[in-house]
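Student: One gets the numbering used here by counting positions in the sequence shown from 1 and adding 164 to each. Just so you know, even glycine gets a beta-carbon here, dropped at the ideal spot from N, CA and C.
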Amino acid sequence: MDSYTKQVATIKKSNLHDIEILNEGLHLSIDTLNQFRKLLRTKKYFSTIDKEILFFKVVKPYINGRIKFFSKVRRFLFERPNADIVQQITYVSYLIDKLEKHKLRNLEFFQYMKQSNTLLDHIYFVRGVDRLDFPVDTSHYYTDPEFSTSHDNLAAQVVSYELLTNYYQRELLYLRKLKESIALEEPKAYSFNKVSWTASKTDLVELLYALHSAGAIKNGQVEISKMAEACNNLFDINLNNFYKTYSEIKNREKDTTKFLDHLKQCLLNRIEQDDSQ
């Protein structure tokens with residue numbers, strides 16, 4: 165568990181706008197949880213009820229909550245609107261509101277966890293104890309009974325709520341600052357109005373990732389998101405959904421680097437024409 169905690173802490177400090185990093189965190193968390201699942205199937209029982217409660221109240225939700233977090237952020241990056249800043253702010257605000265509504269629906273349990281209450285631990289976090297007179301997370305009925313209790317998944321949702329709320333709040337703050345900076349720089353940006361990207365957005369994303377992979381910009385020490393932001397300003401274009409576009413490029417059945425191949429051929433043609441004159 166210590167190894168997982170250290171690794172996931174390192175990942176969380178990395179660029180959480182990078183799909184590959186999110187995938188790394190997701191796979192690490194899933195693998196760690198599966199290791200605990202296999203271990204528990206071998207041992208069957210905990211040596212004490214307190215240890216069982218500790219596992220299902222703290223350990224498993226810590227890992228499962230991060231599975232939910234990495235999955236949600238990954239989905240957010242794929243689904244965020246390819247729109248202007250105002251619409252993005254509206255979308256992120258909607259996601260925060262959605263989290264709050266879920267919290268309100270389970271407020272009693274959220275408070276129970278937040279206050280480190282232990283009164284009902286023997287019901288919430290011990291396997292095989294289902295009290296219908298207590299609120300139950302119904303997803304529990306569709307999970308492995310040897311590796312779940314009535315409330316460990318809800319405890320994981322409490323963990324992911326905290327992580328996601330912090331992530332979305334930071335994203336919202338960034339977007340609002342970006343909106344303000346764009347408003348302040350609008351007169352300066354006017355000179356770029358005549359510079360437009362006329363190939364497809366997919367072509368630009370392909371070029372961006374090629375430049376980043378080659379370390380052609382700042383020796384590769386610049387985040388791909390910063391490069392996309394620079395292109396947005398330079399070419400009066402919106403590349404806010406470029407992670408999804410890059411994923412589509414990777415999944416091409418043929419001509420993976422179609423635009424780069426096209427650029428190379430065009431340059432060779434021009435050199436040939438110039439030499440023939």
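Within the continuous alpha helix (DSSP H) that includes G379, where are the two ends?
Tutor: As a working note, residue 379 is residue 215 in the sequence shown. Segment: none, G379 is in no alpha helix (DSSP H) and carries neither H nor E.
Student: Buried or exposed: R334, going by 16 or more other Cβ atoms within 10 Å of its Cβ?
Tutor: In the sequence shown, counting from the first residue as 1, residue 334 sits at position 170. Result: exposed.
Student: Would you kindly report the start and end of the unbroken alpha helix (DSSP H) that includes M277?
Tutor: As a working mapping, residue 277 is identified with position 113 in the sequence shown. First-last of the alpha helix (DSSP H) with M277: 271–278.
Student: Assuming F233 and L327 form a contact by the criterion Cβ under 8 Å, report the distance between their Cβ atoms to the nearest whole angstrom.
Tutor: Within the sequence shown, residue 233 is the residue found at index 69, counting from 1. Within the sequence shown, residue 327 is the residue found at index 163, counting from 1. That belief holds up - the Cβ atoms of F233 and L327 are roughly 4 Å apart, short of 8 Å.
Student: Nearest by alpha-carbon distance to K278: which of A320, A247, E243, I287 is it?
Tutor: Sequence index remark: in the sequence shown, residue 278 carries index 114 (1-based). Per the Cα distances, A320.
Student: Within its chain, find whatever has a CB closer than 8 Å to the CB of L368; leave out the 5 residues flanking it on each side and keep chain order.
Tutor: Here residue 368 corresponds to residue number 204 of the sequence shown, with the count starting at 1. Contacts found: W361, C395, F399, I401, L403.
Student: Hey, would you say F274 sits closer than 7 Å to T313, going by beta carbons?
Tutor: Locating residue 274 in the sequence shown gives position 110, counting from the first residue. Locating residue 313 in the sequence shown gives position 149, counting from the first residue. No, Cβ-Cβ distance for F274 and T313 is not below 7 Å.
Student: Note down, in chain order, each residue of its chain lying with its Cβ closer than 6 Å to the Cβ of S389, except the 5 sequence neighbours on either side.
Tutor: Counting from 1 along the sequence shown, the entry for residue 389 is found at position 225. Excluding positions up to five away in sequence, the list reads H181.
Student: Just tell me which of S377, E310, Q441, Y168 has its CA closest to the CA of F210.
Tutor: Numbered from 1 along the sequence shown, position 46 holds the residue referred to as residue 210. Among S377, E310, Q441, Y168, the Cα nearest to that of F210 is on E310.
Student: Does DSSP classify P225 as helix, strand or coil?
Tutor: Working through the sequence shown from its first residue, we reach residue 225 at position 61. In this structure, P225 counts as helix in the three-state DSSP scheme.
Student: Nearest CA to the CA of D285: which residue from E188, T409, K215?
Tutor: Locating residue 285 in the sequence shown gives position 121, where the first residue counts as 1. Answer by Cα proximity: K215.
Student: Going along the chain, which residues of its own chain have a beta-carbon closer than 7 Å to the beta-carbon of L271, five neighbours each way excluded?
Tutor: As a working note, residue 271 is residue 107 in the sequence shown. Contacts found: none.
Student: Could you round the C-beta distance between V172 and L197 to whole angstroms and report it? I think they count as a contact, below 8 Å.
Tutor: By one-based count along the sequence shown, residue 172 stands at place 8. By one-based count along the sequence shown, residue 197 stands at place 33. Going by Cβ atoms, the distance from V172 to L197 rounds to 12 Å, so no, they are not a contact pair.
Student: Do I249 and K343 count as a contact pair if the criterion is CB distance below 7 Å?
Tutor: As a working note, residue 343 is residue 179 in the sequence shown. As a working note, residue 249 is residue 85 in the sequence shown. Against a cut-off of 7 Å, the Cβ pair of I249 and K343 comes out as a contact.
Student: Name the residue from L186, N397, D438, N179 whose alpha carbon lies nearest to the alpha carbon of R230.
Tutor: Counting from one through the sequence shown, the residue named residue 230 turns up at place 66. It is L186 whose Cα lies nearest to the Cα of R230.
Student: If we ignore side chains and look at the alpha-carbon of each, how far apart do H266 and F423 end up?
Tutor: On the sequence shown, residue 266 is found 102 positions in, with the first residue counted as 1. On the sequence shown, residue 423 is found 259 positions in, with the first residue counted as 1. Looking at the two C-alpha atoms, the distance is approximately 44 Å.
Student: Using the C-alpha atoms, what's the distance from T282 back to K207?
Tutor: Mapped onto the sequence shown, residue 207 falls at position 43. Mapped onto the sequence shown, residue 282 falls at position 118. Cα to Cα, the separation comes out at about 25 Å.
Student: First and last residue of the alpha helix (DSSP H) that includes Y410?
Tutor: For this step, residue 410 is matched to residue 246 along the sequence shown. Looking at the DSSP string, the run of the alpha helix (DSSP H) that includes Y410 is 406–414.
Student: Rounded to whole angstroms, what is the Cα-Cα separation between K170 and R205?
Tutor: Taking the sequence shown and counting its residues from 1, one reaches residue 170 at position 6. Taking the sequence shown and counting its residues from 1, one reaches residue 205 at position 41. Roughly 26 Å between the two C-alpha positions.
Student: Quick one: Cα of T329 to Cα of F242, how far?
Tutor: Counted from its first residue, the sequence shown places residue 329 at position 165. Counted from its first residue, the sequence shown places residue 242 at position 78. If you take the alpha carbons of T329 and F242, they lie about 18 Å apart.
Student: With DSSP as the reference, label I401 as helix, strand or coil.
Tutor: Here residue 401 refers to the residue found at position 237 of the sequence shown. In the structure shown, I401 sits in coil (DSSP, three-state: anything other than H, G, I, E or B).
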